[in-house]
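Residue numbers (this note's numbering), protein chains in the order written: chain G, 3 to 413; chain C, 114 to 569; chain E, -8 to 307.
One structure is given below, encoded as structure tokens.
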Amino acid sequence: MKKQLPVWLGFALALVFLPSIFDSVLGISILNQMTIWIIFALSYNMLLGQGGMLSFGHAVYFGLGGFMSVHALNLIADEVLVFSITLIPLVGGAVGLVAAIFIGSFSTRKSGTVFAMISLGIGELIVASSLIFADFFGGEAGVTGDRTYGPPFFGIEFLQDAEVYYLGAFWLFVATLFMYLFTQTPAGRMANAVRDNPERAEFIGYSTRRVRFISFCAAGLFAGIAGGLFAINYEFITEENLNALTSGRVLLMAYIGGLGFFIGPIVGAVILTLMNSLLSNYSEMWMLYLGIMFLLTVIFLPRGFAGFIMMHQIAWQNRRLGTLILPYFVTAVPALVFLAAFVGLVELSHKGDDILPFFGLSLGAESMLSWGILLALAGIGALGVKLSRPRLAAAWALANTPTADDRGDVR
Amino acid sequence: MTLILGLRRPHLRRPQSKHHQSKHHQSKPHLNSAQSAAGQSLTRRASLSIGALVCAFSFSAATAQEPVRLGFMDPLSGTFASVGTSGLNVLEFAADYFYNSKGGILGGRMIEIVPLDNKQSPTETQLQFRRAVSEELRIIFQGNSSAVANTLNQTISKHNRRNAGQEVLQINYAAVDPILTNEECSFWHFRFDAHAVMKLDVLTDFIAMNDELSSVYIIGQDYSFGQVVADNTIRLLGEKRPDIEIVGNEFHPIGQVKDFTPYVTKIASSGADAVVTGNFGADMVSLARSIIDSGLDVPIYTFYAAYDGITATLGADGKDRIRLIHTDRANPLASDERRDFYKAFKTKHPNSDITQSRLANALMMVVQAMEQSQSTDPYDIAVQLEDMRFTSIAGDELWMRGEDHQLFQPLYISKQTDEGIEFDADNSGFGLLTEYEVGTSETITEHSCRMRRPRR
Amino acid sequence: MFEVFVFATLNGLVTGLLLFMLASGLTLIFSMMGVLNFAHASFYMLGAYFAYTLSAYLGFWGGLLFAPLIVGCIGAAVERYGLRRVHQSGHVAELVFTFGLAFLIEEAVQFFWGRDTKNYQSPELFDFALFTLFGQEFSAYRGFMIAIACLIFGALYFVLTRSRVGIIIQASISHPQTVANLGHNVPLIFMCVFGVGTALAGVAGVIAGPVLTTFPGMATVLGSIVFVVVVIGGLGSLPGALIASLLVGLLQSYAIAADVGMPELLHLLGLSFDSSHPLNDLWTLNLPQIAPVLPYLLLVLVLIFKPTGLMGNREQ
């Protein structure tokens, strides 16, 4: 833990200074989204990455936490309850925990496909009931609240998104810390054990069911906290935040980031939030790109982006990381060219008779020259990647070979 | 690197979207002038291309005038994309046809429509709204899904209250939940479509006129709009023709029903003479198909059973059965101006139809408000819009009531047929023939709006 | 009352058998290869769209013949070049892969065919009423659907249990190494199974497209229910899938037809609540409102009390 103190310090500092760099309304909005989704994705990883439990209905705890939080905001505004809205995520967390205790009582008996399917069924049932019980869930328009009516927190009334960011960042830091600490506890460790070898865990006397149940409840708690943060940020929530699509999104975030690492979901949440927020603004075909990205990540980076970064650990220990920079660059450039050309081709075929601005050129779908340019670029890019791969492979192999130390030790 | 430029800009500085625009203008001089000189048609995606046009003008004109930027927030991708995309097409085309091709507005400024894809998700709407604020878009057109409209309305109210001087205006062109101009009315929201109760009032008049009908079956999606349709149909029919029996009032979950045949079984066994529904999209098509496939020869009174492939799919089977209540007269079109507008649109978008000419009306009224106040500030525009009387290109008399910001316009009931159709739907040969119309003054209803006006 | 029951049974039968056509392919893929194929409904959609295009040139029957073949080939290619590489990374990797594939297919469909609803009609051959019962027609096309579904079940069951190919397939699933040692090309078998599974989904699309509307959202509508059916039926069991499909179809159909709900139950118990009660939504609930979610309720109940499914013999 002591070794990691600088990491946590760096994390805290980054959280404090990020809004100074990305200070536009859009930038703050994206940062706020990230605070919510990082907590959510980390909570999901407690289930999947650490506990080996694939769940299709995790958004339920997020959503229920969010709904209760919005109702709490309304109660604060009506002065039925009086506490600062900074504590709302705790309300969300409590609701998430209660729901997880209730649902986990019967769903954690089995793991694997049975667990996954039960979670799917429960998720759908709750979404359906959210549309039926319009009094609590507000129907399809959802429930709205207002965060500015509560008692001010040291004078801040949270009128601005930027103020909410710091609240979100605080909760993000706290939640991440506690989720990390959980992995260091016996409960967290046993969750790993149960994931890897449930039979052996039973043999040493642990009830796999109870271990799973504890993980499940903890995951529900933190998902609820994320829901509370969502409620504060957007001051509303709808059944959309409970549904399978939201559950799917958090699954993808955890996976793309890397299930086997604690920071994996953080990376995944950041990447997917950026893609979701920015990609659709620039292209109608964002779903296509997203789908392709998933496919490529699954095929080439099965351990996620965090896994990709961690793959370099040996090279770093060998102090040969620097040797990889040039080969990466040589491969990356044609790869980017190919990517740009591919994107250009997709966009051009979708444009009709509009002009596609492409790095200073204006390409039209009618002109053969435009198509020719793009295809040529794609070809060059592909060729470049193909030619430079052996070199990259060789450099990689070399970087991963243990070096002989000055004392003759092999690292 | 347009993509990266676009990404960097908002993060590194306060929104300087004007600089962003001019940077784009200068980056591609020659090809654009050549292409505009070659007489290529005005582009659909105005965002960057209008900028290019302005750049071309700037070679001849003295200064490049800043465009008037209007946001259009609707689903442009995903399952509901077809409605949003057709709306965007209409709005962009109207902006070009009426204003940009004739020199622009407010002394030469072009109108630029900025698409904001909200994927019909309330959450995404929040994000796109923040993006709009980031890009200093002060006027947002939105229509699809009352749930989204509600969310946007509340978000805008909060934003406007907390950020005086940076208010945003919501131009609602299609969300028909009555509460938006009643309990949830807002100074910053204007609705350009007749709301559900207004439309039902006319629809029930039409049904009441039909002496052959003695029973009606109501079926709809189980959410606020479906419930409004059901409740008000029962109430209004009860007032106008108490002898008509409501033999069924069915709700089904929205977007979940794969096959409507079981519901049609109930309709058949109830012996209903007519069906009333507010369904839209896939739910509407499936329902209509099932009714027709079962051999039930009853008229179906709907709000949204046309265009976007629906007319083509129902085709001959829907002839003389499908009826719609809508704004803006269908065939025969009311004026030559309207005809020309439609023809020009079809030239540019042969595979699309003008499904929502309300958008053109809304745009024209907003522009008139701008011209009258010589300002693009939302407050000034709102003040001008209140109680504005306007005549559309079809000759319709439009009145925006200032008390609740609800527009009143003539309403029409049409049926699906292939006879007497000048402009068909989905290039299918079938289209809407208007059978019944009601003038503006007869559509006026009461409201319960208590609007809080901003202090200025 | 009787007429409602008869029609409800018929409707349930049709819905159930339609679900079975879709679930049969997934049974093969999910039960047998363990692949959580979230793109299964997307292949169904592809089948419908291909048939729509082909039927313009070759008629409905041409579409019925060739569209599933095309879809099956695409499926086999997906398995060969994509899934196979991902298989070793585990179930979650396969899941994400098929997720991405589902996105891709939905986007591709909108890209090539557009976003509006497609006018895909059933053939005129079946444009008559098979019989008219109590004033409502039962179209011949639905009879055709029933026949095809039964045919598919019969053929699959026969191939899997009685033919040599079927035995090899069943063996490859549980003991791939042994089968490989015996000289069979196990990867080829898996590729063919996947291809056949997706082709079956394509057939379902061709047949159901005219009835359930051909539009870009058609995969999302059926996406999760088909998993529900396979799991309720039990992994590894084709008869189980059939029974589960029929059960789900009939359950939904009866629920919609029965105009009963909480008010009747409360009346029976002698209770009543007025409309200002906080749980009013619950007291006014009726069965048709919740009909589409009954399958999920059934899923949860089955999984709690019999985790292997109704007729399943193995757990994953």
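Glycine is no exception: its CB is placed at the ideal position from the N, C-alpha and C atoms.
How about residue i: is its C-beta nearer than 8 Å to some C-beta of chain G?
i: residue 240 of chain C; result: yes
i: residue 287 of chain E; result: yes
i: residue 110 of chain C; result: With chain C represented from 114 up to 569, any question about residue 110 of chain C goes unanswered, as that position is not in the structure.
i: residue 291 of chain C; result: no
i: residue 271 of chain E; result: yes
Look up residue i in the DSSP assignment and say whether it is helix, strand or coil.
i: residue 12 of chain E; result: helix
i: residue 235 of chain G; result: helix
i: residue 297 of chain E; result: coil
i: residue 388 of chain C; result: strand
i: residue 222 of chain C; result: strand
i: residue 359 of chain G; result: strand
i: residue 261 of chain G; result: coil
i: residue 137 of chain E; result: helix
i: residue 89 of chain E; result: helix
i: residue 287 of chain C; result: coil
i: residue 488 of chain C; result: coil
Please check if any C-beta of chain C sits within less than 8 Å of the C-beta of residue i.
i: residue -2 of chain E; result: yes
Between the options, which lies nearest to residue i when the distance is taken from Cα to Cα?
i: residue 322 of chain E; options: E/107, E/278 and E/240; result: Any question about residue 322 of chain E goes unanswered here, given that chain E covers just -8 to 307.
i: residue 135 of chain E; options: E/114, E/84, E/36 and E/249; result: E/114
i: residue 94 of chain E; options: C/345, C/301 and C/192; result: C/192
i: residue 481 of chain C; options: C/386, C/496 and C/468; result: C/496
i: residue 220 of chain C; options: C/178, C/516 and C/525; result: C/178
i: residue 249 of chain E; options: E/266, E/282 and E/224; result: E/282
i: residue 332 of chain C; options: C/324, C/202 and C/416; result: C/416
i: residue 19 of chain E; options: E/244, E/-3, E/119 and E/157; result: E/157
i: residue 28 of chain E; options: E/254, E/40 and E/13; result: E/13
i: residue 134 of chain G; options: C/291, C/365 and C/402; result: C/365
i: residue 399 of chain C; options: C/389, C/410 and C/371; result: C/371
i: residue 255 of chain C; options: C/234, C/451 and C/345; result: C/234
i: residue 247 of chain C; options: C/257, C/498, C/232 and C/281; result: C/281
i: residue 30 of chain G; options: G/297, G/182, G/170 and G/286; result: G/170
i: residue 54 of chain E; options: E/262, E/274, E/277 and E/200; result: E/200
Hey, would you say residue i sits closer than 8 Å to residue j, going by beta carbons?
i: residue 306 of chain G; j: residue 260 of chain G; result: yes
i: residue 538 of chain C; j: residue 441 of chain C; result: no
i: residue 391 of chain C; j: residue 360 of chain C; result: no
i: residue 72 of chain G; j: residue 146 of chain G; result: yes
i: residue 211 of chain C; j: residue 566 of chain C; result: no
i: residue 357 of chain G; j: residue 364 of chain G; result: yes
i: residue 401 of chain G; j: residue 334 of chain G; result: no
i: residue 144 of chain E; j: residue 15 of chain E; result: yes
i: residue 389 of chain C; j: residue 329 of chain C; result: yes
Does residue i come within less than 8 Å of chain E when only Cβ atoms are used?
i: residue 352 of chain G; result: yes
i: residue 119 of chain G; result: yes
i: residue 425 of chain C; result: yes
i: residue 134 of chain G; result: yes
i: residue 304 of chain G; result: yes
i: residue 116 of chain G; result: yes
Under 9 Å, CB to CB, which of the residues in the stretch 243 to 255 of chain E have a partner in chain C? 243, 244, 245, 246, 247, 248 and 250
Contact residues within the stretch 518 to 532 of chain C, judged by C-beta distance below 8 Å to chain E: none
Taking a Cβ distance cut-off of 7 Å, strictly less, list which residues of the stretch 137 to 166 of chain G are near chain E, in chain order. 137
Just by C-beta distance, which residues in the stretch 321 to 351 of chain G are closer than 9 Å to chain C? 342 and 345
What are the residues in the stretch 370 to 399 of chain C lying within 7 Å of chain E by C-beta distance? 370, 371, 372, 374, 375, 376, 378, 379, 381, 382, 395, 398 and 399
Report the residues of the stretch 272 to 300 of chain G with a CB closer than 7 Å to any CB of chain E, ordered along the chain. 287, 289, 290, 292, 293, 294, 296, 297 and 300
What are the residues in the stretch 234 to 262 of chain G lying within 8 Å of chain E by C-beta distance? 246, 250, 253, 254, 257, 258 and 261
Closer than 8 Å between beta carbons: that is the criterion. Which residues of the stretch 216 to 231 of chain E meet it against chain G? 218, 219, 222 and 226
Selection of the stretch 187 to 209 of chain C by Cβ proximity to chain E, strictly under 7 Å: 192, 194, 195 and 198
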